[in-house]
Amino acid sequence: FPQVKLTIFDFLYRCLGPLPDSDVDYCSEYGSARGIRKFYECNYELKNEEFWKKIGVPGGADDSYVCTGVKATNCFMPKKTLSEKGLGGGGWIVVNKYLQVETSDGLVW
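Residue 88 in our numbering is what sits at position 88 of the sequence shown, and the numbering runs on without skipping anything.
What follows is the structure, given as structure tokens:
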């Protein structure tokens, strides 16, 4: 969707809080390279015109999607993409250093 402009904001000082700094940096650079704007330590104020001006979207966004209370889940993934071992007995989605999902035989899924 090349015409879609994305903006991410978070109340915290960065997104992906519990991940290692290297992972956060990679995701941030990836998003910036694709034109995704990011604002941190910022409250989402849907009905506040000053908020929209502050983030460079005067008049507000066409659509907003709010993501809160994120929970890791893998029930929709094929078994071949899940680890056999790990915390809690395994079942984690296997990814490579580019955050691409891999199968148990190391192929990008």
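Glycine included, each C-beta is placed from N, C-alpha and C at the ideal position.
Please report the Cβ distance between residue i and residue j, rounded to the nearest whole angstrom; I am assuming they are in contact, meaning their Cβ atoms lie under 8 Å.
i	j	result
K80	S104	5 Å
R37	T73	With a Cβ gap of about 28 Å, R37 and T73 do not count as contacting.
Beta carbon of residue i, beta carbon of residue j: below 8 Å?
i	j	result
W109	V101	yes
G89	L82	no
V24	L16	yes
State the beta-bridge partners of residue i as determined by DSSP.
i	result
I93	L82
T7	R37
E102	V108
Given residue i, which residues of its chain have a CB within under 7 Å of its CB, disregarding the five upstream and five downstream residues?
i	result
E45	F51
P58	W52
Comparing C-alpha positions only, which one of the options sits nearest to residue i?
i	options	result
P78	T68, S64 and V94	V94
N43	G31, G35 and V66	V66
Who are the Cβ neighbours of residue i in its own chain at under 6 Å, not counting the five residues just before and after it?
i	result
Y40	D10, Y13 and R14
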